[in-house]
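A.B. asks: Chains as they are written, first to last, in this note's numbering: chain A, 2 to 115; chain B, 796 to 909.
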Amino acid sequence: NAGVTQTPKFQVLKTGQSMTLQCAQDMNHNSMYWYRQDPGMGLRLIYYSASEGTTDKGEVPNGYNVSRLNKREFSLRLESAAPSQTSVYFCASSVPGQPNTEAFFGQGTRLTVV
Amino acid sequence: DQQVKQNSPSLSVQEGRISILNCDYTNSMFDYFLWYKKYPAEGPTFLISISSIKDKNEDGRFTVFLNKSAKHLSLHIVPSQPGDSAVYFCAASAAEGGSEKLVFGKGTKLTVNP
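Right, here's the structure in full:
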C-alpha cells in the first residue's frame with residue numbers, strides 16, 4: 002500500500018546543478034501536484050497536472066519544469082539550482098470531482114542548494 | 796495576496812482541553828475546505844473536510860465549522876491529546892479546469908501539554 006512515493010528523500014546540490022525529483026502514485030489518481038514548503042510559508046503550489054499529458058503552473062513555477070510521464074508519474078526538474086530553491090518538496094495526488102477531494106502526499110524531498 | 800490565512804503560528808493547550816484552530820479565506824470561489832495534519836519529517840495527512848454547503852462536519856474528536864458569510868472556518872479538537880501535537884494546515888479548493896487545486900495556509904503549530 003505505497004500511496005505516493007517520492008525519490009530521493011534528501012539531496013544536496015551545488016548552485017547551477019540540475020536534478021529531477023521523481024514522484025509516483027499507485028492509487029490511479031488523475032491529478033498530481035508539486036508543492037514546496039518553506040518555514041513560515043506553508044505549502045505553495047509549484048505545478049500541477051489535471052490528467053496525463055497536461056500540466057499547469059501554480060503559484061511559484063519559476064525555475065522549475067515538470068513532466069507528466071504517464072498517469073502514475075509526475076517529475077519535477079530543476080534545470081539550474083539556486084539557493085532560493087532550498088526547501089522541502091512534496092508531491093501529491095488526488096481524484097478530482099469526488100465529494101472527498103483530499104490530496105494524498107508523499108513523505109517529501111529535502112533539498113539543499115549550496 | 797494570501798487567499799488562505801492562519802493568523803496564529805502556534806497554539807499551546809493542556810491535555811484534555813479543547814484546541815481551536817482558526818482559518819480565514821478571501822476567495823469566494825472556494826467550495827471545499829480541508830484540514831491537514833503534519834508531523835516533522837512526514838508528508839501532510841488529511842484530517843477532515845467540509846463542503847461549502849454545510850456549516851459543520853464532525854469526525855470523532857475533530858469538528859470543523861464553516862461560516863461562509865465571515866469566510867472563516869475553525870477546527871475543534873476535543874479532548875486534546877499529546878499525540879495531536881503537530882502542524883495543522885488549513886486548505887481550500889475551487890474546481891478549475893477539471894482539477895481541484897488546493898491552496899494552503901501557513902499552518903498553526905499545536906502543542907498539547909500532558
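Glycine included, each C-beta is placed from N, C-alpha and C at the ideal position.
The beta strand (DSSP E) with Asp-826 of chain B in it runs from where to where?
C.D. replies: On the second sequence, residue 826 of chain B is found 31 positions in, with the first residue counted as 1. Premise fails: Asp-826 of chain B is in no beta strand (DSSP E) and is neither H nor E.
A.B. asks: How big is the Cα-Cα spacing for Gln-12 of chain A and Asp-57 of chain A?
C.D. replies: On the first sequence, residue 12 of chain A is found 11 positions in, with the first residue counted as 1. On the first sequence, residue 57 of chain A is found 56 positions in, with the first residue counted as 1. In a straight line, the C-alpha of Gln-12 of chain A is about 25 Å away from that of Asp-57 of chain A.
A.B. asks: At a CB distance below 9 Å, what residues from the stretch 37–50 of chain A approach chain B? Give them in sequence order.
C.D. replies: Gln-38, Gly-41, Met-42, Gly-43, Leu-44, Arg-45, Leu-46, Tyr-49 and Ser-50
A.B. asks: Pull up the distance between the alpha-carbon of Gly-64 of chain A and that of Leu-22 of chain A, whole angstroms please.
C.D. replies: Counting from one through the first sequence, the residue named residue 64 of chain A turns up at place 63. Counting from one through the first sequence, the residue named residue 22 of chain A turns up at place 21. Each residue's Cα considered, the two are about 14 Å apart.
A.B. asks: What residues in its chain sit with their C-beta under 7 Å from that of Pro-100 of chain A, if we drop five residues either side in the sequence?
C.D. replies: For the purposes of this step, residue 100 of chain A is taken as the residue at position 99 of the first sequence. Because the pLDDT at Pro-100 of chain A is just 48, under 50, the model does not fix this residue reliably, and the value given afterwards should be weighed accordingly. Closer than 7 Å at Cβ, skipping near neighbours: no residue.
A.B. asks: Could one say the Cβ of Tyr-831 of chain B lies closer than 9 Å to chain A's Cβ atoms, at least one of them?
C.D. replies: As a working mapping, residue 831 of chain B is identified with position 36 in the second sequence. Tyr-831 of chain B counts as touching chain A.
A.B. asks: Chain B beta carbons: is any one of them nearer than 9 Å to that of Val-67 of chain A?
C.D. replies: As a position in the first sequence, residue 67 of chain A is number 66, starting the count at 1. Val-67 of chain A does not count as touching chain B.
A.B. asks: Could you tell me if Arg-69 of chain A is buried or exposed, where buried requires 16 or more neighbouring beta carbons within 10 angstroms of its beta carbon?
C.D. replies: Walking along the first sequence from the start, residue 69 of chain A turns up at place 68. Classification of Arg-69 of chain A: buried, given that the 10 Å Cβ count is 16 or more.
A.B. asks: Which chain A residues sit within Cβ distance under 7 Å of Ser-838 of chain B?
C.D. replies: Taking the first residue of the second sequence as position 1, residue 838 of chain B is located at position 43. The amino acid at residue 838 of chain B is misidentified as Ser; the sequence shows Gly. The answer, in chain order, is Phe-91, Phe-106, Gly-107, Gln-108 and Gly-109.
A.B. asks: Would you give the residue range spanned by the beta strand (DSSP E) that His-871 of chain B belongs to?
C.D. replies: On the second sequence, residue 871 of chain B is found 76 positions in, with the first residue counted as 1. Looking at the DSSP string, the run of the beta strand (DSSP E) that includes His-871 of chain B is 867–872.
A.B. asks: Got a sec: which bits of the stretch 802–833 of chain B sit with their beta carbon under 7 Å from any beta carbon on chain A, in order along the chain?
C.D. replies: Tyr-827 and Leu-829
A.B. asks: What's the call for Gly-107 of chain A, buried or exposed, on a 16-neighbour Cβ count within 10 Å?
C.D. replies: Here residue 107 of chain A refers to the residue found at position 106 of the first sequence. Under this definition Gly-107 of chain A is a buried residue.
A.B. asks: Label Glu-853 of chain B either buried or exposed according to how many other C-beta atoms from any shown protein chain fall within 10 Å of its C-beta, with 16 as the threshold for buried.
C.D. replies: Position 58 of the second sequence holds residue 853 of chain B. By the neighbour-count definition (other C-beta atoms within 10 Å, threshold 16), Glu-853 of chain B is an exposed residue.
A.B. asks: Using a Cβ-Cβ cut-off of less than 8 Å, give me the residues of the stretch 837–862 of chain B that come near chain A, in sequence order.
C.D. replies: Glu-837, Gly-838, Pro-839, Thr-840, Phe-841, Ser-844 and Ser-846
A.B. asks: Quick check on Asp-879 of chain B: does DSSP put it in helix, strand or coil?
C.D. replies: For the purposes of this step, residue 879 of chain B is identified with residue 84 of the second sequence, where counting begins at 1. Helix.
A.B. asks: Skipping 5 residues on each side, what residues in its chain have a beta carbon closer than 7 Å to that of Pro-877 of chain B?
C.D. replies: Within the second sequence, residue 877 of chain B is the residue found at index 82, counting from 1. So the qualifying residues of the chain are Glu-810, Val-907 and Pro-909.
A.B. asks: Examine the Cβ distances between the stretch 802–809 of chain B and the stretch 860–867 of chain B and report whether three or more of them are shorter than 8 Å.
C.D. replies: no
A.B. asks: Please report whether the beta-carbon of Lys-896 of chain B lies at a distance below 9 Å from any beta-carbon of chain A.
C.D. replies: Along the second sequence, one-based indexing puts residue 896 of chain B at 101. Judged by the 9 Å Cβ criterion, Lys-896 of chain B is in contact with chain A.
A.B. asks: Hey, is Ala-887 of chain B's beta-carbon within less than 9 Å of any beta-carbon in chain A?
C.D. replies: Residue 887 of chain B sits at position 92 when you count from the first residue of the second sequence. False, the Cβ-Cβ gap to chain A never drops below 9 Å.
A.B. asks: Decide if Arg-37 of chain A is buried, meaning its Cβ has at least 16 other Cβ atoms within 10 Å, or exposed.
C.D. replies: Translated into positions along the first sequence, residue 37 of chain A becomes position 36. Buried: at least 16 other Cβ atoms inside 10 Å.
A.B. asks: Using a Cβ-Cβ cutoff of less than 6 Å, which residues in the same chain neighbour Tyr-834 of chain B once the five nearest sequence positions on both sides are dropped?
C.D. replies: By one-based count along the second sequence, residue 834 of chain B stands at place 39. The answer, listed in chain order, is Ala-881.
A.B. asks: Give a yes or no on whether the minimum CB-CB distance between Asp-27 of chain A and chain B is below 9 Å.
C.D. replies: Against the first sequence, residue 27 of chain A aligns to sequence position 26. No - not a single Cβ of chain B is within 9 Å of the one on Asp-27 of chain A.
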